[in-house]
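Here is the structure we will look at, set down as structure tokens.
In structure tokens form, the structure reads like this:
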């Protein structure tokens, strides 16, 4: 597996497939790996595709307790583009991987042709995410939940009893954090990725100034990133295309394959 080395010791791993003239960079979601979009690549015979492992997933390593800055990501991707002699590319990302695609498009707008976001994370303010990752004391409390399963289970029982969130969303949280390793992965990802975010206004600039084609794909049964919230963001981006698919969060990639095939092969 190829690797990009950062001077600070961070490593970004990726897989390469195909030998076509068009280039697509794929970023998977939480709990997945670089293979998440593998089936999509089979539908792109005229492309060279690159699948990245996010940090704290697969083989990529972030060697610091400090969060990833956009300047760190710029250095890594610039090295990647230079090493692979890439001038233009499309970006496709799912869920938390959208934070990396958004940042890449923001830093390299002239090279970005399509920005395709599935269940986009990092595009709007999320109160609970902010509460868990930004205030120092609450971030420390979040870490105690990760290291103390009894506290985590008590919190889930309280949330369920008070009906503070949708039951399906609660079950998702239980599955994603049912082992110490998974809870640590959630903590590291949430805290370390918190500065990788964008906004509808920033995407509007990409569309207007650089003619980037922005496409948002949402699952109408998705309780994690509801389609109605994606639609609200899309309304703020003139020219953005929105696709609603009868899918939940975890089957959105698979059920989006026909759309991705049509767009990327156009």
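Residue numbers (the numbering used here): 41 to 306.
Where is the CB? At the ideal position from N, CA and C, for every residue including glycine.
Between residue 170 and the rest of its own chain, which residues show a CB-CB distance below 8 Å, the 5 nearest in sequence each way excluded?
The predicted position of residue 170 is uncertain, since its pLDDT is 48 and thus under 50; no value can be drawn from it.
Exposed unless 16 or more other CB atoms sit within 10 angstroms - verdict on residue 167:
Low confidence applies here, because residue 167 scores a pLDDT of 46, under 50, leaving its location unreliable; read the following figure in that light. Classification of residue 167: exposed, given that the 10 Å Cβ count is below 16.
Endpoints, alpha helix (DSSP H) assigned at residue 303:
297-304
Going along the chain, which residues of its own chain have a beta-carbon closer than 7 Å to the beta-carbon of residue 114, five neighbours each way excluded?
147
Sort 264, 288, 230, 155 by Cα distance to residue 280 and report the nearest one.
155
Alpha carbons only, please: which of 106, 158, 227 is nearest the one belonging to residue 297?
158
Considering only C-alpha positions, which residue in the set 75, 84, 66 is nearest to residue 58?
84
State buried or exposed for residue 223, treating a residue as buried only when at least 16 other CB atoms are found within 10 Å of its CB.
buried
Measure from the alpha carbon of residue 139 to the alpha carbon of each residue in 245, 61, 239, then state which is nearest.
239
Report the three-state DSSP secondary structure of residue 112 (helix, strand or coil).
helix
Where do the N-terminal and C-terminal ends of the alpha helix (DSSP H) with residue 78 fall, by residue?
78-81
For residue 112, tell me which candidate among 161, 75, 283, 143 has the shortest Cα-Cα distance.
143
So what does residue 144 bridge to, in DSSP terms?
DSSP output for residue 144 lists no bridge partner at all.
Reducing DSSP to helix, strand and coil, say where residue 231 ends up.
helix
Measuring CB to CB, does residue 56 end up less than 8 Å from residue 42?
yes
Helix, strand or coil: how does DSSP classify residue 247 here?
helix
Output yes or no for whether 8 Å exceeds the beta carbon distance between residue 51 and residue 101.
yes
Straight-line CA distance for residue 194 to residue 185?
10 Å
Tell me the DSSP secondary structure of residue 123 in three-state form.
helix
Measure the beta-carbon distance from residue 131 to residue 145 and round it to whole angstroms, keeping in mind my assumption that it falls under 8 Å.
6 Å
From residue 292 to residue 258, what distance separates their C-alpha atoms?
8 Å
What did DSSP end up calling residue 284 once you bin it into helix, strand or coil?
strand
Once DSSP output is grouped into helix, strand and coil, what is the label at residue 156?
strand
Output yes or no for whether 8 Å exceeds the beta carbon distance between residue 9 and residue 95.
Because residue 9 is not part of the residues shown, which for the chain are 41 to 306, the question remains open.
Contact check, residue 67 vs residue 150, beta carbons under 8 Å:
no
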